[in-house]
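Adding 972 to a residue's 1-based position in the sequence shown gives its number in our numbering.
The C-beta atom is built at its ideal place from N, Cα and C for all residues, glycine as well.
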Amino acid sequence: LGDEKETVVLYARASTKKQADAGNLDRQMERLRQYARENGFTVRAEFTDVASGLNQKRRGLANVLKLAEQGEYKKLIIEYPDRLARFGYSYIERHLRYCGVEIMAIAEKEPEDAHSELIRDLLAIVTSFSARLYGARGGKKVRQGFRELMAGVARDGEAEKEESD
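See the structure below:
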């Protein structure tokens, strides 16, 4: 019983189809497989997603969570924490810990393109919130608010000009 291999799940994610097509996802998964082999783990399943770390509708991640809830494995092996989630990592980690699963991030340093990926994700957040804000208020209210903002800026500019004269 003591020499039983520990069961793990491997999870890899690429942000874009372009990254996946360039082999990033395959190389990431191969590094995870190699780590599992070198450490004597039994791989229960492998899951991948091609989606932003902000996307909450990822089939691979959903399967990772489902198997954890069913007690099917003890460790989740990922390359970097942001492969699992860009934001909300601690919530996923807490849920997995509750299910008896430990997350193992095997890489020491983020890749260089992680910076550009973070910028894309931040732009996606701004775009999403902007769309919700403008969609909720309707075009008429947005235009009205913009006019009020511009009028305020113009007033401030005139006041500054008068003070300097």
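- For the beta strand (DSSP E) that contains Glu1010, what are its first and last residues? As a first step, residue 1010 must be located in the sequence shown, where it is residue number 38. Segment 996–1010 is the alpha helix (DSSP H) holding Glu1010; no beta strand (DSSP E) there.
- Item | Of the residues Ser1062, His1067, Phe1013, the one placed nearest Val1036, counting alpha carbons only | For the purposes of this step, residue 1036 is taken as the residue at position 64 of the sequence shown. Measuring from the Cα of Val1036, the nearest candidate turns out to be His1067.
- Item | Close beta carbons around Asn996, own chain, < 8 Å, minus the five adjacent residues each side | Counted from its first residue, the sequence shown places residue 996 at position 24. Cβ within range, chain order: Ala986.
- Per DSSP, which one or two residues make a beta bridge with Glu1018? Locating residue 1018 in the sequence shown gives position 46, counting from the first residue. DSSP, once it has assigned bridges, lists Leu982 as partnering Glu1018.
- Kindly indicate which residue of Ala1008, Met1076, Gly1072, Tyr1045 has the alpha-carbon position closest to the one of Asp1054. By one-based count along the sequence shown, residue 1054 stands at place 82. Among Ala1008, Met1076, Gly1072, Tyr1045, the Cα nearest to that of Asp1054 belongs to Met1076.
- Counting only the same chain and skipping the five closest in sequence on each side, list residues whose C-beta sits under 6 Å from that of Phe1019. To locate residue 1019, count along the sequence shown from 1; it is residue 47. Result list for Phe1019: Tyr983, Gly1032, Asn1035, Val1036, in chain order.
- Message: Taking the straight line between their C-alpha atoms, what separation do you get for Gln991 and Ala1023?
- Response: Indexing the sequence shown from 1 puts residue 991 at position 19. Indexing the sequence shown from 1 puts residue 1023 at position 51. Their Cα atoms are separated by approximately 10 Å.
- Message: Using 8 Å for Cβ pairs, my map puts Pro1052 next to Ala1079. What's the rounded Cβ distance?
- Response: If you number the sequence shown from 1, residue 1052 lands on position 80. If you number the sequence shown from 1, residue 1079 lands on position 107. For clarity, residue 1052 is Tyr in the given sequence; the question names Pro instead. The pair is a contact, with the Cβ atoms about 5 Å apart (cut-off 8 Å).
- Query: Using the C-alpha atoms, what's the distance from Leu1039 back to Lys1046?
  - Reply: As a working note, residue 1046 is residue 74 in the sequence shown. As a working note, residue 1039 is residue 67 in the sequence shown. So the two alpha carbons sit approximately 10 Å from each other.
- Task: Please determine, among Asp993, Arg1069, Glu1065, the residue with the shortest C-alpha to C-alpha distance to Asp1021.
- Result: The count along the sequence shown starts at 1 and reaches residue 1021 at position 49. Measuring from the Cα of Asp1021, the nearest candidate turns out to be Asp993.
- Beta-carbon spacing of Phe1013, Lys989 below 8 Å: On the sequence shown, residue 1013 is found 41 positions in, with the first residue counted as 1. On the sequence shown, residue 989 is found 17 positions in, with the first residue counted as 1. Not a contact, by the Cβ cut-off of 8 Å.
- Give the straight-line distance between the Cα atoms of Val1073 and Val980, rounded to the nearest whole angstrom. For the purposes of this step, residue 1073 is identified with residue 101 of the sequence shown, where counting begins at 1. For the purposes of this step, residue 980 is identified with residue 8 of the sequence shown, where counting begins at 1. Computed Cα separation, rounded: 9 Å.
- Message: Applying the 10 Å Cβ sphere with the 16-neighbour rule, what's the burial state of Gln1006?
- Response: The sequence position of residue 1006 within the sequence shown is 34, counting from 1. Exposed, because fewer than 16 other Cβ atoms sit within 10 Å of the Cβ of Gln1006.
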